[in-house]
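This report concerns only the one structure given below.
Number of protein chains: 2
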Amino acid sequence: MEIVVQKYGGSSVANAERIRHVAGRVIKEKRKGRHVVVVVSALGDTTDELIELAHQITLKPSDREMDMLLSTGEQVSVALLAMAIQEQGEKAVSFTGPQIGILTDPFHTKARILGMDTTRIHKALRAGNIVVVAGFQGKTKSGEITTLGRGGSDLTAVALAKSLKARHCEIYTDVDGVYTADPRIVADARKIDVISYEEILEMASLGAKVMHNRSVEVGKKFNVPIYVRNSRHFKEGTLITKESKQMEDVTVRGVALTEDEAKITLFRVPDRPGIAATLFKRLADAKVNIDMIIQNKTETKTTDISFTVYKEELRKALEVVKEAARDLKAGNMTCDENIAKISIVGIGMRSHSGIASKMFGALARKKINIDMISTSEIKISCVVDGKKGRLAAQTIHKEFGLDKAKR
Amino acid sequence: MEIVVQKYGGSSVANAERIRHVAGRVIKEKRKGRHVVVVVSALGDTTDELIELAHQITLKPSDREMDMLLSTGEQVSVALLAMAIQEQGEKAVSFTGPQIGILTDPFHTKARILGMDTTRIHKALRAGNIVVVAGFQGKTKSGEITTLGRGGSDLTAVALAKSLKARHCEIYTDVDGVYTADPRIVADARKIDVISYEEILEMASLGAKVMHNRSVEVGKKFNVPIYVRNSRHFKEGTLITKESKQMEDVTVRGVALTEDEAKITLFRVPDRPGIAATLFKRLADAKVNIDMIIQNKTETKTTDISFTVYKEELRKALEVVKEAARDLKAGNMTCDENIAKISIVGIGMRSHSGIASKMFGALARKKINIDMISTSEIKISCVVDGKKGRLAAQTIHKEFGLDKAKR
């Protein structure tokens, strides 16, 4: 019999009523004649409440004990969901991560799954059970309880789908799927029906967070089809899958706007080998993440270097750059927090030309000046004036017909 | 190095402040140069809250899923206590019951401990840790999570003390120890310093609940000295241990009053072999617990049978007895809910005579009529008028000098 893995997030199981609703959905899937394995997160705000409890005791809880504490959240969820399924007349059995041998490395609070033993799950499925598995958790070889960090329950679900050779993995959230743009910014954004792993990875890195990248990467690595769906209704959602010829017909899959970066420019940096390396090594050592980098040679012996950092790391970045500027005998430094980055993503770019010029042209017609440009194989990003970010997103969304096409 | 096992109940770890307090006590014990293993219950009302959550889903949760749910309570406690100990500068590590291999039978919600593997605990202790263990829980041979039922954390502690060959087991509660009588009834009741397993088992069965009998029985079986102490201060508490010659000097260890029983009398029961057996078999089949039984032969061919049952089972008992009376062709039936049972307990009774007459004499002087009498080797119980129960308890407590003696 085919196996389907479903995963429900914390908001989908926030109270008894929603848990009953999820139980009903799961049973519906089972009655299609499939084996169902359900992964659940902790109820609603449980994880935050547990963290708050820990912080009442100490501001620096040890990672090992934090995992011991947080893993209880999912254990409560699986017991309650199993009860709800039984109450509605189907057989169900719940398991913790350690119980089904989800083996991880020993890095508490951010462990990586090394493997799992599906014997117990297969046995329970054969006995006619819906199997309910606690997401987000595992154990080390020596029996320590670990958690998988942010997006951990998605990761559990995708890894289970892979190990169980499931037909696919369904990730239930409170949105309908992945959109061509953020609907709060672009009113006529449309839900995307099918998207490739590569595209969603780029879009997630641009701030369009539906799923955590780690889970998509696991899905990509093992070719697990992932459906992102809304747990409140039965619409189709978005299928994340490997790219196909057909997908390339669409040049631009989506548009993303990020407004959380700032641009730093360091002028008149001596133009010698190794100078840029020194600057960015120092920033890396200070754990400052760099996004875009542009270097313009201006005069004969110096160059200007611009780059963007996340606003929350700006203060730290400025300290490092100021010191580096002195040591490197560079000129003055400017900082612009009022920028926006507008990006288009699509695997079709590989085989279609003229996408960049079409994007630049559309911006030009709206008199939006482009400050920085960066491209990858399936992405083009432009930094523009922060006040014009939303207009840029709307303009480009329309330019590539994302408001119209059935996708 | 000597090992000490301490157990703290839910009220002792009800909030962050109390958890910190417990951490301080545990560290104090460790700094005496001992290895410390601490068993904790779920925080405050957590267990009740989890039960309430389950009942929002279903009124008949399966026992397996209930264990899955309830065992999270203790897991939260051990993580938080370990954090609090670390915060105060000592090494600590927490374990769930399954993690340290507390092996039980498969009877969910009331499992019995079959054994445990102390390897991990010994290793953690040798590494300088205070070991914090989740009470109340274990796992079956096939890896199912089980709970031990009422008083389960005490049981974990006593069983651990036995397996670890601990110096003793300390049970921390919110009372100072075991008393010669309930201080709310007998104002000059005194704390008992030392009491035998047998005596406390009798007293517990008489309603003087400090510890659950299952834990005392395990302590008795494996000769684990158990201290009952108050977690709020450092007074000595009560030591529960095997009986010694010295203990026999005290004839009466304590006085217990129970007011939760009712008396049923069935008159003119045909005096033939097997009649009483039939009656009590039927009551047993209906799961009615019988405490005292008295049979008085009154006329030539019939007998009167009186017995006491718990008030909460009275209605059920009366139905059974009414039907049996008809079948056995007995006479009428009376029921008295207004009774009290006053009992004295002490291993010294074995070697001292005249204890019973002293008890009866004291009651007589206060004009308290005795309705029923029952005795065991170390206990004498009398049923009296319910309105005179408290007076009887006070009278007997004084008669045996329990208000004075240092014990």
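Residue numbers (this note's numbering), protein chains in the order written: chain X, 1163 to 1569; chain B, 1163 to 1569. Even glycine gets a Cβ: it sits at the ideal position worked out from N, Cα and C.
Remark: C-beta atoms of V1414 of chain X and I1506 of chain X approach each other more closely than 7 Å.
Taking 7 Å as the threshold, the shortest C-beta distance from I1283 of chain B to chain X does not fall below it.
Here A1518 of chain B has I1542 as same chain residues with Cβ atoms under 6 Å from its own Cβ, once five neighbours each way along the sequence are excluded. Closer than 7 Å at the C-beta level to chain B, one finds these residues of the region 1250-1278 of chain X: S1256 and Q1261. Spatial neighbours of Q1250 of chain X in its own chain (CB-CB distance under 8 Å, excluding positions within 5 residues in sequence) are listed in chain order as R1182, A1185, G1186 and I1189. Between A1296 of chain X and chain B, the shortest Cβ-Cβ separation is not below 7 Å. Counting only residues of its own chain and dropping the five nearest sequence neighbours on each side, Q1457 of chain B has a CB closer than 6 Å to the CB of T1465 and I1467. Of the other Cβ atoms in all chains shown, fewer than 16 fall within 10 Å of the Cβ of H1395 of chain X; this residue is therefore exposed. Within its own chain, the residues whose Cβ lies closer than 6 Å to the Cβ of F1562 of chain B, once the five positions on either side in sequence are excluded, are V1414, listed in chain order. CA-CA distance, G1523 of chain B to A1246 of chain B, rounds to 56 Å.
Between the C-alpha atoms of K1529 of chain X and G1369 of chain X there is a straight-line separation of about 25 Å. When X:G1290, X:V1482, X:T1266 and X:V1293 are compared, the shortest CA-CA separation from G1311 of chain X is found for X:T1266. Counting along the chain, the unbroken alpha helix (DSSP H) around V1380 of chain X starts and ends at N1375 to F1384. With respect to R1376 of chain X, L1317 of chain X sits close: the two C-beta atoms are nearer than 7 Å. Shown here, I1181 of chain X sits in a helix according to DSSP, grouped into three states.
For A1204 of chain X, the number of other beta carbons within 10 angstroms of its own is at least 16, and it is reported as buried. Residues of the same chain with a CB within less than 8 Å of the CB of E1179 of chain X, apart from the 5 flanking positions on each side, do not exist. I1292 of chain B sits close to V1198 of chain B, with the two beta carbons spaced by under 7 Å. The C-beta of Q1248 of chain X comes closer than 7 Å to at least one C-beta of chain B. Q1457 of chain X is bridged by DSSP to X:I1467.
In this structure, the straight-line span from the alpha carbon of V1166 of chain B to that of T1280 of chain B is close to 14 Å. Check the Cα spacing between V1295 of chain B and each of B:A1526, B:D1453, B:E1474 and B:K1169: the tightest is with B:K1169. Beta-carbon to beta-carbon, Y1389 of chain X and S1174 of chain X are separated by about 14 Å, too far to satisfy the 8 Å threshold. In the structure shown, G1416 of chain B adopts extended strand secondary structure according to DSSP, grouped into three states. Distance check between V1431 of chain X and each of X:V1378, X:V1483, X:V1240 and X:I1362 places X:V1483 closest, using alpha-carbon atoms only. A contact is defined here as three or more CB-CB pairs under 8 Å, and the region 1544-1558 of chain B meets this definition with respect to the region 1408-1424 of chain B.
Among the residues of chain B, those whose CB is under 8 Å from the CB of T1220 of chain X are M1245, A1246, Q1248 and E1249, following chain order. Secondary structure of R1430 of chain B (DSSP, three-state): strand.
V1240 of chain X places its beta carbon 7 Å or farther from that of T1234 of chain B. Counting the other Cβ atoms within 10 Å of the Cβ of F1269 of chain B gives fewer than 16, which makes it exposed. In the DSSP annotation of this structure, L1326 of chain B is not part of any beta strand (DSSP E), being labelled neither H nor E. For R1226 of chain B, the number of other beta carbons within 10 angstroms of its own is at least 16, and it is reported as buried.
Secondary-structure assignment with DSSP links S1256 of chain B through a beta bridge to B:V1294. Within 8 Å of the CB of Q1237 of chain X, the CB atoms of chain B belong to M1230, L1231, S1233, T1234 and Q1237, in sequence order along the chain.
Contact between the region 1354-1374 of chain X and the region 1395-1410 of chain X is present: three or more C-beta pairs spanning the two stretches fall below 8 Å.
The beta carbons of K1303 of chain X and G1259 of chain X sit about 14 Å from each other, so the pair does not count as a contact at 8 Å.
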